[in-house]
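Counting with UniProt numbering, you get residues 1 to 53 for the letters of the sequence shown.
The beta-carbon is built from N, C-alpha and C at its ideal position, and this holds for glycine as well.
These notes concern the structure reproduced below.
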Amino acid sequence: MAAQIKNNANTIIQEIINIAEMLTDADIAIYRMPDGDFAQLPRILENNIQSKI
Numbered sequence: 001m002a003a004q005i006k007n008n009a010n011t012i013i014q015e016i017i018n019i020a021e022m023l024t025d026a027d028i029a030i031y032r033m034p035d036g037d038f039a040q041l042p043r044i045l046e047n048n049i050q051s052k053i
């Protein structure tokens, strides 16, 4: 039981790290958008986060 809880916790922590890294990548990508279109960023982030859940 304890091992399963620890495994679940480690999985959740890893997913949080993955999402944090993705958000960092997205922040960098903002500055690379040639037309400065920020409107699609929330949709892009939502799609990326949903794909990880």
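So for M22, helix, strand or coil by DSSP? As a first step, residue 22 is located in the sequence shown; it is residue number 22 there, counting from the start. Looking at M22 - three-state DSSP - the assignment turns out to be helix.
Less than 9 Å between the beta carbons of N7 and K52, yes or no? As a working note, residue 7 is residue 7 in the sequence shown. As a working note, residue 52 is residue 52 in the sequence shown. It is not a contact, given that the beta carbons lie outside the stated cut-off.
Contact check, residue 56 vs M22 under 8 Å by CB: the rounded distance? Nothing about residue 56 can be read from this structure; the chain reaches only from 1 to 53.
Could you compute how far the alpha carbon of I13 sits from the alpha carbon of A20? Here residue 13 is taken as the residue at index 13 of the sequence shown, counted from 1. Here residue 20 is taken as the residue at index 20 of the sequence shown, counted from 1. Roughly 11 Å separates the two Cα atoms.
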